[in-house]
Amino acid sequence: MEQQNNQELVNKMENNSSDEKSENRQQSTPNMTSPSNHTILAALSYIGPLVIVSYLMGKDNDFIKFHAGQGFVVFGIEVLVWILGSWMYPFWMILNILNLATLILSIIGIVNVVQGSKKELPVVGSLAKSFGL
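Residues in the sequence shown are numbered from 81 upward in steps of one, following our numbering.
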């Protein structure tokens, strides 16, 4: 009788451990439609050239597309400042202020993403709308 109870207990433990393993396998599979992935992809929109990855991976999601559009404009400003900086060295102070402005805009954009809001960034939001991004 006692052996039978012990055997039943061992069988239950084995079944539980195999159920946990199958649950772990299911949880480790990435789900690209989960809200946290949308947040990550939208936040990538404000990190330089990673905006391309964000746009391509989330082109069917309005939240990601909104932030990717603004991210494209911020990235375009960064590239423009970089090109101007290589030609116009005497204006380095103004260009550094523009670099600082794009950094601040990127931080504001990432904060908006984390809060789940679709707020337009100053200047950048209207440019993104006019370009149709």
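For each residue, glycine too, the CB sits at the ideal point set by N, CA and C.
Between the Cα of residue i and the Cα atoms of the options, which residue gives the shortest distance?
| i | options | result |
| --- | --- | --- |
| VAL131 | PHE146, ASP140 and GLY151 | GLY151 |
| SER206 | LEU183, ILE120 and VAL153 | VAL153 |
| SER210 | ALA122, PHE146 and SER116 | PHE146 |
| ALA208 | SER116, ALA148 and ILE120 | ALA148 |
Can you list, in chain order, the residues of its chain whose CB lies under 8 Å from that of residue i, leaving out five sequence neighbours each side?
| i | result |
| --- | --- |
| LEU214 | No information on residue 214 is available, as it lies outside the stretch 81 to 213 that the chain covers here. |
| TRP172 | GLY165 |
| THR182 | VAL154, ILE157, GLU158 and VAL161 |
With a CB to CB cut of under 7 Å and the five nearest residues on each side skipped, what residues in its chain are close to residue i?
| i | result |
| --- | --- |
| VAL133 | LEU124 |
| ASN141 | HIS118 |
| LYS198 | PHE143 and PHE146 |
Under 8 Å by Cβ, that's how I've got residue i and residue j pegged, so tell me the actual separation to the nearest angstrom.
| i | j | result |
| --- | --- | --- |
| PHE155 | GLY128 | 6 Å |
| SER186 | TYR126 | 4 Å |
How many Å lie between residue i and residue j at the Cα?
| i | j | result |
| --- | --- | --- |
| ILE144 | VAL191 | 14 Å |
| VAL203 | ILE177 | 16 Å |
| GLU200 | GLU158 | 18 Å |
| VAL193 | ALA122 | 6 Å |
| ASN179 | GLY212 | 24 Å |
| GLN195 | ILE188 | 11 Å |
Excluding sequence positions up to five away, which residues of its chain have a Cβ less than 6 Å from the Cβ of residue i?
| i | result |
| --- | --- |
| ASN111 | In this predicted model, ASN111 has a pLDDT of only 48, less than 50, meaning its place in the structure is not dependable; the value taken from the coordinates is given anyway. Nothing listed; no residue qualifies. |
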